[in-house]
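Okay, structure first, notes after.
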Amino acid sequence: MPSSNKNIFNIDEIRKDFPILDQEINGAPLIYFDNAASTQKPKAVIDAIKSYYENDHSNVHRGVHSLSIRATDLYEASRKKVADYINANSTDEIIFTKGTTDSINLVASSLTKSIQPSDEIVITTMEHHSNIVPWQELCRRTGASLKVAPIDDNGELIIDELERLLCKDTKILALTHTSNTLGTINPIKEIITMAHHLNIKVLIDGAQAIGHQNIDVQDLDCDFYAFSGHKLYGPTGIGVLYGKEDLLNELEPYQFGGEMILKVTFDETTYNSLPYKFEAGTPNIAAAIGLGKAIEYIESINLNACVKQENVVTEYSLKKLKDLSNIKLIGNSENRSSIISFTIENIHPHDIGTILNQRGIAMRTGHHCTMPLMDFYEIPGTIRASFSFYNTESEVDEMVAALQTACEMLG
Amino acid sequence: MPSSNKNIFNIDEIRKDFPILDQEINGAPLIYFDNAASTQKPKAVIDAIKSYYENDHSNVHRGVHSLSIRATDLYEASRKKVADYINANSTDEIIFTKGTTDSINLVASSLTKSIQPSDEIVITTMEHHSNIVPWQELCRRTGASLKVAPIDDNGELIIDELERLLCKDTKILALTHTSNTLGTINPIKEIITMAHHLNIKVLIDGAQAIGHQNIDVQDLDCDFYAFSGHKLYGPTGIGVLYGKEDLLNELEPYQFGGEMILKVTFDETTYNSLPYKFEAGTPNIAAAIGLGKAIEYIESINLNACVKQENVVTEYSLKKLKDLSNIKLIGNSENRSSIISFTIENIHPHDIGTILNQRGIAMRTGHHCTMPLMDFYEIPGTIRASFSFYNTESEVDEMVAALQTACEMLG
Amino acid sequence: MNMELQNLYQKTMIQHGNNPLNFGKPQEYEHTEEGFNALCGDKVNIYFRRMENKLINFSFVSVGCIVCKASGSLMTEELNNKHLENVATSIDNAMIGIHNGNLKNDFFSNDLMTLNQIKKFPSRLKCALLPWETAMRLINNMKNNAR
Amino acid sequence: MNMELQNLYQKTMIQHGNNPLNFGKPQEYEHTEEGFNALCGDKVNIYFRRMENKLINFSFVSVGCIVCKASGSLMTEELNNKHLENVATSIDNAMIGIHNGNLKNDFFSNDLMTLNQIKKFPSRLKCALLPWETAMRLINNMKNNAR
Ligand SMILES: Cc1ncc(COP(=O)(O)O)c(C=O)c1O
Ligand SMILES: Cc1ncc(COP(=O)(O)O)c(C=O)c1O
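Below, the structure is given as structure tokens:
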């Protein structure tokens, strides 16, 4: 049973909702600090997928038989849950994709015909490859230019510089809500307002923000918002593109095939209405249902309580890490998420990763798919701890101890 | 436990491997005859997904920690299973996609730059929308022409006409292995040889062939072979594009982001090697693992035995249906799969579907995403029974009885 | 034979479905619109003329199922000769009534009550609604063009 | 402290990793090649010159981890001054040996035996292999260009 209707945030109970956490790695209890790469799944999500396959599976949308109706209803109910969770105006604005990468590619690809060689696209230094390369390719296809808004040494966007970059030729500003390497939370609401004054459309890469703060797309007034289910305690292979209805209507379709068409002859094809226009082929029904369940789960334990727990662990961890003499934090943004990157003098992140793992601690080391950001800091990579609400301060103590060992061993 | 190592094909035992089959719909036992739309999942597959999330989940490829290594190993082991199952030359030739539609879109989109206005692309009248619209769009983008190879009234390709269509300007022949509406199995090996004499590349839509016959891509010598996991007793949201290594190497990448790059700067991006070049973003790890398990399951019960059972039920069903006076079979190919389409005089397929469902029988009615084929036969749609190895002759008897009731009721 | 099914395919439905009234493309018409249900392939074409404030010669063609055809037959009967200002409201009410299975015969004809059965077959709702949706679109188009 | 870990990061590895031999871009070189590990960001550059049938001034630069640097250090020691015809075989054997954890000291230097520990850390295999793979590519390129 999921721990629903908890009045107080009982972390021991909540950890029991995540079967994977209860295991040993190399003889030590697993400490999972790699949540920015992917979060773990509560039992409720795993059971929903199992139950779907055991009871309700069929292809959606085109059947008159009961299984097909059930599968369709479950699938569309998940769309509704996503729409409500991010406060979209309608379910037509929720496109199910494979993940954040797929969502961003959809927009960048579908914009091709509306971009001129004189147009500009603005991104930032702290973007994930998934929010860089699709725009590079769009520029390559169209002759448009890619501009990069710089950051300062703390890993914060330099808003003045960004403002200077935005101009009447800018068609799209694509930026991350929260940096997956630095933990920086960008002031996107202000930035969106700024961009809209110049009629610039804004795509937000929400991969690291979703599940770690409240998202209200209408309040943000963003034009597109992209995220992955697997980083929101949901299954792999499912993601979301939110888009304002009129913008989605204007966009060219992305993939072509069943579901997304209304009528096909060999001479001509008529596309279906939203959201189906962008969902070619059999969708990932089971994962969409799992994602809906993940949202239900988070709401049952209360997102605000989750964020609070993450903040406690993050603060504690920052304090402890700052005590270690040879550690350098990469990213010191004021407004930050539960992601901490650092380097250790003279020691390569990769070696640290191995030693941490030997003590059961799962952390990511490397460039975190943000190579241009590594170039900015002139480092080969970082060691990254990224927390979820199921992490604890005593787990942080274990990490700090392991880091000390590593320094002794490799120094 | 999956019923592995069965020496004889015991259908009662096998049905127990599929939990969903054991239920009632509208008071009658479920009869699932909608396998061409999507197959059901054996317990082994459902359990593999559950076990993955409960024990091994993490993001793949970029981690030094144990969960990440386990997830990567499981994911790549599935790729190996797929490669072996269709006898690919190497795992580099196996691209994991979202499904058949995604696979075909990948090829059609990535070919854009290599197609000239004078080029021609050939498809057939019996293609699924997923193997029509991506090529229409490729032609629209490039100015190339789309040619359609005709079929005869029996629903067989007219090979002479196809041969006449193929010429030195033909760049791609895209055709289905098995028609999802007619059940026709095309003689693709001969067709591929014919096309290769003219240097034409051949993409096979294997959505309906996979799992219903042995596929050996090296023996077929096809250039691309596309299929979906969910039609092969695997999860939703996963599919495969097989491509010959040198062709995949020549193709432009499709989606852009993490995983598919080797190196990113703001000026330039270097793509990763196969198969990663085509797998941007976090892949559908759980579903890939589920697909590997599905293949294991089929091998454990023996594909040849499965096909035999499907043929028995298909033959029986054809015989019974031919006895009904007002039924017209759509598709009378000599070499056919376990898919039967028909119409009933003066009764719309949709009404039949409702009546069948009221007796627990899940069948699909409509155009089956083959509208141009419906135009060819001048019908609005068909009623389709599509069998799997877990179907029986007594289920066919139920269907026939329900059809008789329907005719009485609506006639 | 299952009761609910018999309720769906009762006499009125079968009659109107197999021999729909006002069926066929009229030789003269002023307004027409095509409706299409991508999911099952149902198609309807709606026709009418306007005479002063009334809509006349309301007719339709359909390659749809019995439910769709019966619905078109009953709809054209219902709407023909109606005042333009009342038509949109009638359609609205009928669509809501079909959805909820609570069409009332103080407002609509007795025959139309047969569509109250559709609610129990949610996959068929689209079939029953298609003629009404198409008629509504046609009326909106007509109004917009008149402006 | 865990035994396997100590075996991996034993004295030889730490020494060669933190103070690699033959490290640095030489002022003069004839052949060079860059190797890159996309998954962790490790990078190596390999350099050498050919003098008659020998490869000399074998050196490397790396921003990799200890394992990668130690492997580069040990490799350059091993391959420097080798006959061209033997180099490819040595690399091949070393790579297989690292993979399987069975490098033998009748063929390789004693220090190189430290790389036998990598097998127990499969995620680090790529780090250890990167210098060797890059050297192999460089040698193949050289041979191809010579044709
Ligand atoms: C012949 C054929 N091609 C392509 C597809 C599309 O497969 P998917 O919807 O899994 O992408 C299907 C299934 O509907 C099919 O039957
Ligand atoms: C900021 C950011 N953007 C995009 C992505 C890509 O997400 P996915 O791999 O799920 O497509 C990630 C995750 O790796 C991320 O952290």
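Protein chains in written order, with the numbering used here: chain A, 1 to 411; chain B, 1 to 411; chain C, 1 to 147; chain D, 1 to 147.
Quick reminder that beta carbons are idealized off the backbone N, C-alpha and C, glycines included.
In this text, all values refer to a predicted model and were calculated from it rather than measured experimentally.
Per DSSP, Ile121/A is one residue of the beta strand (DSSP E) stretching across 120-124. The residues Asn87, Ala88, Asn89, in chain order, have a CB closer than 8 Å to that of Gln218/A in the same chain once the five nearest residues on each side in sequence are set aside. For the set Ser179/A, Asp84/A, Lys277/A, the Cα lying nearest the Cα of Asn335/A is the one of Ser179/A.
Per the C-alpha coordinates, the member of Ile49/A, Phe224/A, Ser58/A positioned closest to Ala294/A is Ile49/A. Leu146/B is not a Cβ neighbour of Ile172/B, given a cutoff of 8 Å. At least 8 Å separates the CB of Ile95/A from every CB of chain C.
If you check the C-beta of Thr101/A against ligand 2, you find a heavy atom less than 7 Å away. Within the chosen limit of 7 Å, ligand 1 reaches the beta carbon of Asn180/B through at least one heavy atom. For Thr114/C, the shortest separation between its Cβ and any heavy atom of ligand 1 does not lie below 7 Å.
For His129/B and Thr97/A, the gap between their C-alpha atoms comes out near 20 Å. For Gly41/D, the nearest CB of chain A lies under 8 Å from its own CB, placing it at the interface with that chain. Looking from the CA of Gly24/C, the closest CA among Asn145/C, Phe60/C, Cys65/C belongs to Phe60/C. Distance from the C-beta of Cys222/B to the nearest heavy atom of ligand 1 is not below 7 Å. With at least 16 other beta carbons inside 10 angstroms of its own, Lys277/B counts as buried. Shown in chain order are the members of the region 58-79 of chain D whose Cβ falls below 9 Å from a Cβ of chain A: Val63, Gly64, Cys65, Ile66, Val67, Cys68, Lys69. The alpha carbon of Glu345/B has as its nearest neighbour, out of Ser78/B, Asn357/B, Ser325/B, Lys16/B, the alpha carbon of Ser325/B.
In this structure, His16/C and Lys82/C do not form a Cβ contact; the two beta carbons are roughly 19 Å apart against a cut-off of 8 Å. The closest CA to that of Gly64/D, considering only Asn145/D, Arg137/D, Leu125/D, Thr114/D, is found on Leu125/D. Straight-line spacing of the CA atoms in Thr269/A and Ala195/B works out to 27 Å.
Taking a C-beta distance under 8 Å as the contact criterion, Ile95/A and Gly243/A qualify as a contact pair.
Unbroken beta strand (DSSP E) stretches of 3 residues or longer found wholly inside the region 271-334 of chain B: 327-330, given in chain order.
Collapsing the DSSP output to three states places Ala209/B in coil. A distance criterion of 7 Å places the beta-carbon of Gln309/A beyond contact range of ligand 1, judged by its closest non-hydrogen atom.
Annotation for Thr76/C: Leu21, Asn22, Phe58, Ser59, Phe60 place their beta carbon closer than 7 Å to its own, counting only its chain and skipping 5 residues before and after.
Using a CB distance below 9 Å, the part of the region 115-142 of chain C facing chain A consists of Phe121, Pro122, Ser123, Arg124, ordered along the chain. Per DSSP, His31/D is not a residue of any alpha helix (DSSP H); the beta strand (DSSP E) it occupies stretches across 31-36.
When the five nearest sequence neighbours on each side are left out, the beta carbons in the same chain lying within less than 8 Å of the beta carbon of Trp132/D are those of Ser71, Met75, Ile91, Ala94, Met95, Ile98, in order along the chain. Distances from the CB of Gln208/A to the heavy atoms of ligand 2 include at least one below 7 Å.
With fewer than 16 other beta carbons inside 10 angstroms of its own, Ser114/B counts as exposed. Chain C places no beta carbon closer than 8 Å to that of Leu182/B, leaving this residue out of the contacts. Around Gly99/B, the beta-carbon contacts reaching into chain A at under 8 Å are Gly281, Thr282. In the DSSP assignment, Ala385/B forms a beta bridge with Ile340/B. Exposed is the label assigned to Cys167/B, since fewer than 16 other Cβ atoms lie within 10 Å of its Cβ.
Arg141/B: member of the alpha helix (DSSP H) spanning 133-142, first to last residue.
For Arg15/B, the enclosing alpha helix (DSSP H) has its first and last residue at 11-16. For Leu157/A, same chain residues with a beta-carbon under 7 Å away, outside a window of 5 residues either side, are Thr124, Ala149, Ile151, Asn186 in chain order.
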